[in-house]
Ligand code: PMP
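Numbering (my numbering), first residue to last: 14 to 468.
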């Protein structure tokens, strides 16, 4: 008898998934009657079982679905749940603020504490709250264009910064195209974007030398195409080149805040002009933040001054967000910064991520598999290639989508959730070593399954 192929095994796992999840399967069929892409967000359709499980309850690092299955949740809402589900401090703050008004177009006193804490943690003096990380990036880009008068945004191939049109580009087969086959949307990306490979100082220097780039928008290391570590010296070169060419440096810490309480930038002494974060920053209540340096603030104030209440038509910034900085978000953000994403909890989370990464590495080594594991603080990633990629091109050349889909479907059937877009594991303060060990056991069984297959 021939051994099964990866495709056969995926068929089997998806069949098992359908059988194990009759209620979620029925809910999904119903959802398709009402929602454009089946669920309330199109992102929810991308789970490897073929449809998402419907959540009944989420607490700490666990989710129970409507078919009664329990999952150890390493997806954590693709980082939005990094505080853990329903953390007590956030719930308490949210309930209190819900009873006192959610959104008033007025600041609350909590915002004073939050502003001072953001300044202390991230080292930048002036902050703005938005409703999402996407919005924060859009705001950062708009400000960079306003103060430089330039039109282009430079990103690195393989990046993701939310629904930001300028960042939807990648390099594939040496040519610039749309990331993940995303529709070009009638936008002339060559007019608004430049894209180079991560860690490529020469290409960066050339791209910035024309003097038409308003800002470089980058994560401190890449986390959205698998994890792509940053090469020694790259950040120093990036900072030097952006300064020399008058280009604003925007560091997006939405995911890499997993590095520690001040994100990767403060851990590694980076000096962004603008720092962006979001997702977990208000405990899962929609929120983004961006902070700017004094120099950026002063250049901006020269264009858009502080309001004079006598002038009714004072300029606004062209950045959206009626609900941005609302009282509910500010209250939960305070709870997160004060009680949840604390240095002590980061230590715990990082220790569990190390435990997961080391156990997975051992299994990979014992089975002589050409795979690797990367870790950055509370976040780890298993990739089906022997070495960490240096850039997006390496990921495109070596990515094993078939193995990823099989692993993810197998995980779901065995009670493990990871982000559906690649194999990233995130710890929250409530994640336990027993949760991590449950993953280790499932991963070992996955390896057994694949070793018996025709790869
Ligand atoms: N920046 C980064 C680095 C991200 O990974 C994401 C989302 N994955 C975003 C921004 C956008 O976040 P949101 O969809 O919450 O706006």
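By construction, the Cβ of each residue, glycine as well, lies at the ideal position given by its N, Cα and C atoms.
Keep in mind that this is a model prediction, so the values were computed, not measured.
Just to check, is the beta-carbon of residue 289 closer than 8 Å to a non-hydrogen atom of the ligand PLP?
In the structure on display, the ligand PLP does not appear, and the ligands it does have are the ligand PMP.
Any heavy atom of the ligand PMP closer than 8 Å to the beta-carbon of residue 277?
Residue numbering aside, residue 277 sits at position 264 when the chain shown is read from its first letter. Residue 277: no, Cβ never under 8 Å from the ligand PMP.
How many Å lie between residue 365 and residue 136 at the Cα?
Here residue 365 corresponds to residue number 352 of the chain shown, with the count starting at 1. Here residue 136 corresponds to residue number 123 of the chain shown, with the count starting at 1. Answer to the nearest angstrom: the Cα atoms are 27 Å apart.
Suppose you measure from the CA of residue 132 to the CA of residue 289; what does that come to, to the nearest Å?
Within the chain shown, the letter at position 119 stands for residue 132. Within the chain shown, the letter at position 276 stands for residue 289. Between residue 132 and residue 289, the C-alpha separation is close to 13 Å.
Can you confirm whether the segment 151-166 touches the segment 380-396 when touching is taken to mean that 3 or more C-beta pairs between the two stretches lie within less than 8 Å?
no
Residue 188: which of 198, 207, 178, 200 sits nearest, CA to CA?
Looking up residue 188 in the chain shown gives position 175. Checking every option, the nearest Cα to that of residue 188 belongs to 207.
Quick one: give me the first and last residue of the alpha helix (DSSP H) that residue 99 is part of.
Indexing the chain shown from 1 puts residue 99 at position 86. Segment: none, residue 99 is in no alpha helix (DSSP H) and carries neither H nor E.
Could you tell me whether the segment 90-108 touches the segment 438-448, where touching means 3 or more Cβ pairs closer than 8 Å?
yes
Considering just the uninterrupted stretch of the beta strand (DSSP E) at residue 188, what are its terminal residues?
As a first step, residue 188 is located in the chain shown; it is residue number 175 there, counting from the start. 188-191 is the span of the beta strand (DSSP E), which, as asked, contains residue 188.
Pairing CB atoms from the segment 420-437 with CB atoms from the segment 55-67, are three or more of them under 8 Å?
yes
Taking the alpha carbon of residue 282 as the point to measure from, which residue in 186, 227, 264, 297 has its own alpha carbon closest?
Against the chain shown, residue 282 aligns to sequence position 269. Looking at the Cα atoms, 264 is the closest of the given residues.
Pick out whichever of 215, 448, 351 has its Cα sitting closest to the Cα of residue 126.
As a position in the chain shown, residue 126 is number 113, starting the count at 1. Closest option to residue 126, Cα to Cα, is 351.
Burial state of residue 306, where buried means 16 or more other Cβ atoms lie within 10 Å
In the chain shown, residue 306 corresponds to position 293, counting from 1. By the neighbour-count rule (16 or more Cβ atoms within 10 Å), residue 306 is buried.
Counted within 10 angstroms of its Cβ, other Cβ atoms place residue 209 as buried (16 or more) or exposed
Within the chain shown, numbered from 1, the residue matching residue 209 stands at position 196. By the neighbour-count rule (16 or more Cβ atoms within 10 Å), residue 209 is buried.
Would you decide whether residue 292 is buried or exposed? Buried here means 16 or more other CB atoms lie within 10 Å of its CB.
Along the chain shown, one-based indexing puts residue 292 at 279. When all chains shown are included, residue 292 counts as buried.
Going by DSSP, which residues form a beta bridge with residue 18?
As a position in the chain shown, residue 18 is number 5, starting the count at 1. Paired residue(s): 467.
Please find out if some non-hydrogen atom of the ligand PMP comes closer than 8 Å to the beta-carbon of residue 174.
Start at 1 with the first residue of the chain shown, and residue 174 comes out as number 161. Flag set: Cβ of residue 174 near the ligand PMP.
What alpha helix (DSSP H) runs, 4 residues minimum, are completely inside the segment 52-116?
101-111
Euclidean distance between Cα positions of residue 221 and residue 385:
Within the chain shown, residue 221 is the residue found at index 208, counting from 1. Within the chain shown, residue 385 is the residue found at index 372, counting from 1. Approximately 33 Å between the Cα atoms of the pair.
What are the start and end residues of the beta strand (DSSP E) that includes residue 412?
In the chain shown, the residue the question calls residue 412 occupies position 399. Where residue 412 is concerned, there is no enclosing beta strand (DSSP E), given that its DSSP letter is neither H nor E.
Alpha carbons only, please: which of 102, 460, 407 is nearest the one belonging to residue 169?
Your numbering for residue 169 matches position 156 in the chain shown. Residue 169 has its Cα closest to that of 407, out of 102, 460, 407.
In DSSP terms, what residue 206 is bridged to
What you label residue 206 is simply residue 193 of the chain shown in a count that begins at 1. According to DSSP, residue 206 bridges with 166.
By alpha-carbon positions, which one of 400, 194, 240 ends up nearest to residue 211?
As a position in the chain shown, residue 211 is number 198, starting the count at 1. The candidate whose alpha carbon is nearest that of residue 211 is 240.
Taking 8 Å as the limit between beta carbons, can you name the residues of its chain near residue 344, skipping five residues before and five after?
Taking the first residue of the chain shown as 1, we reach residue 344 at position 331. Here the set comprises 106, 107, 109, 110, 121, 123.
Stretch-stretch touch, CB-based, cutoff 8 Å, three pairs: the segment 389-403 with the segment 366-375
yes
Contact belief for residue 389 with residue 279 at Cβ below 8 Å, rounded distance in angstroms
Working through the chain shown from its first residue, we reach residue 389 at position 376. Working through the chain shown from its first residue, we reach residue 279 at position 266. The pair is not a contact, with the Cβ atoms about 14 Å apart (cut-off 8 Å).
Is there at least one non-hydrogen atom of the ligand PMP closer than 8 Å to the beta-carbon of residue 365?
Here residue 365 refers to the residue found at position 352 when the chain shown is read from its first residue. Answer for residue 365: no, Cβ out of range of the ligand PMP.
When the Cβ atoms of the segment 167-183 are set against those of the segment 192-200, are three or more pairs found closer than 8 Å?
yes
Hey, how far is the Cα of residue 4 from the Cα of residue 358?
Given that the chain is displayed from residue 14 to residue 468, the structure contains no residue 4 and the question cannot be resolved.
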